[in-house]
Amino acid sequence: MEHNHFKAFAASLFARYETRMWRKEKDAFLQHCKTEFAKLGYNDTEIMVREDKTGGFTSKNLLVGPADADVLITAHYDTPGRSGYFMALNPIGGSVFSMILLGFLLFLLGFLRGFLQNYYFDIAVNLLPLVLVAPMFIKNKHNRTDNTSGVLGVFRMAELAANDPVLREKCAFVLFDHEEIGLVGSRAFAKWRRTHCPGKAQGTVINLDCIGNGDVLSVMTRKDHEGWHEMAAFLQSEGYYVMKGRGSILATSDHAPFAGGISLLFQKRSLLGPLYIPHLHTGKDKTCDLGQIERLCDSLRKYIGERP
165 MEHNHFKAFA
175 ASLFARYETR
185 MWRKEKDAFL
195 QHCKTEFAKL
205 GYNDTEIMVR
215 EDKTGGFTSK
225 NLLVGPADAD
235 VLITAHYDTP
245 GRSGYFMALN
255 PIGGSVFSMI
265 LLGFLLFLLG
275 FLRGFLQNYY
285 FDIAVNLLPL
295 VLVAPMFIKN
305 KHNRTDNTSG
315 VLGVFRMAEL
325 AANDPVLREK
335 CAFVLFDHEE
345 IGLVGSRAFA
355 KWRRTHCPGK
365 AQGTVINLDC
375 IGNGDVLSVM
385 TRKDHEGWHE
395 MAAFLQSEGY
405 YVMKGRGSIL
415 ATSDHAPFAG
425 GISLLFQKRS
435 LLGPLYIPHL
445 HTGKDKTCDL
455 GQIERLCDSL
465 RKYIGERP
């Protein structure tokens with residue numbers, strides 16, 4: 165029964181809600197999610213679309229369960245523009261190619277400055293930001309890894325909790341808005357939670373980001389904390405090939421605003437070594453392994469259930 169509901173929810177997202185970039189698309193998606201979480205047995209008082217504000221933005225974050233839960237299971241639901249060509253996340257060089265590409269462009273501009281008249285050089289310099297930024301506002305048509313997979317992971321965990329009293333008592337589930345423009349939704353929610361639930365400021369936050377494609381499980385945190393080490397060790401014992409990452413440069417997902425935040429992310433190893441997320445922010449983002457999501461959620465269910 166659980167399995168069929170999860171698969172049906174996934175099919176509905178792939179068919180009707182795979183793009184969630186503009187407000188009208190997001191609102192339709194949130195209404196659909198409210199209906200689907202209600203089918204799992206969560207009542208109206210447990211399902212809330214919060215309007216959290218920060219930095220001039222109002223983010224609509226979907227909260228299922230109590231905001232002061234011991235564990236938050238989270239993901240972002242907004243989808244990106246078509247900036248994947250610049251990110252250069254490919255099977256040869258992985259993410260390192262993005263840095264090489266940017267460095268090459270800057271070097272090329274500097275080299276050409278000696279040959280071009282200032283007028284043409286100024287045009288090139290002014291066009292570069294446009295070339296890099298404009299695609300971010302062009303809607304990406306397929307977003308199954310980023311981050312429909314994370315949304316599905318949150319839904320699956322909520323489905324498991326609906327039939328597991330221990331999990332339901334410990335957990336709440338949050339889908340964040342505006343991750344793609346700088347973690348705006350999660351930052352606003354984290355600020356509100358620190359003020360209204362100060363006793364949970366160090367609570368565990370498990371963020372699911374791009375968990376539908378890849379065989380290397382990256383376990384990331386912004387700052388070192390015991391829960392990060394515990395989770396990485398547990399997932400390693402579950403048979404995953406785990407890579408740990410820590411630091412600000414890795415804090416580019418919704419775990420970052422939380423002191424006890426941990427982000428889980430599946431990646432692949434490129435031919436030259438660096439990890440990468442296949443087809444990120446491109447129209448080829450069409451892969452989402454539902455079996456892999458279910459297996460990860462089963463492991464998380466065990467991990468949360470065994471913790472005091």
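First residue of the sequence shown? That's 165 in the numbering used here, and the numbers climb one at a time after it.
Cβ atoms here follow ideal geometry from the backbone N, Cα and C, with glycine treated the same way.
From a predicted model like this one, the values you see are computed outputs, not experimental measurements.
Rounded separation between residue i and residue j - CA only
| i | j | result |
| --- | --- | --- |
| N311 | I457 | 12 Å |
| H499 | D216 | Past the boundaries of the shown model lies residue 499; the chain is included only from 165 to 472, so the question cannot be answered. |
| Y467 | R459 | 13 Å |
| P299 | K305 | 13 Å |
| G367 | V383 | 17 Å |
| V228 | D191 | 16 Å |
| A354 | G455 | 31 Å |
| D328 | I211 | 18 Å |
| K432 | P255 | 8 Å |
| T416 | P438 | 17 Å |
| V380 | H393 | 17 Å |
| T385 | W356 | 21 Å |
| A396 | R465 | 15 Å |
| V338 | F268 | 40 Å |
| K171 | F201 | 14 Å |
| V213 | V235 | 19 Å |
Residue i at chain C interface by Cβ criterion, 7 Å
| i | result |
| --- | --- |
| R433 | Among the chains of the structure shown, chain C does not appear; only one protein chain is present. |
C-beta contact flag for residue i and residue j at 7 Å
| i | j | result |
| --- | --- | --- |
| V315 | Y206 | no |
| H419 | S412 | no |
| V330 | G469 | yes |
| T183 | K303 | yes |
| C461 | R308 | no |
| F173 | F271 | no |
Residue from the options whose Cα sits closest to the Cα of residue i
| i | options | result |
| --- | --- | --- |
| K198 | A322, R465, D373, A231 | A322 |
| F340 | N327, I370, L324 | I370 |
| T222 | D373, G378, R187, G376 | R187 |
| S313 | L372, E200, P442 | L372 |
| H169 | F353, S350, G317, M407 | G317 |
| K334 | P442, D232, G403 | D232 |
| T374 | A202, I441, Y404 | The displayed chain sequence assigns Cys, not Thr, to residue 374. Selected option, being the one with the closest Cα: I441. |
| D208 | L226, S463, R358 | L226 |
Opposing strand residues paired with residue i [DSSP bridges]
| i | result |
| --- | --- |
| K408 | V383 |
Burial state of residue i (16 or more Cβ within 10 Å)
| i | result |
| --- | --- |
| P421 | buried |
| K224 | buried |
| R351 | buried |
| Y405 | exposed |
| A179 | exposed |
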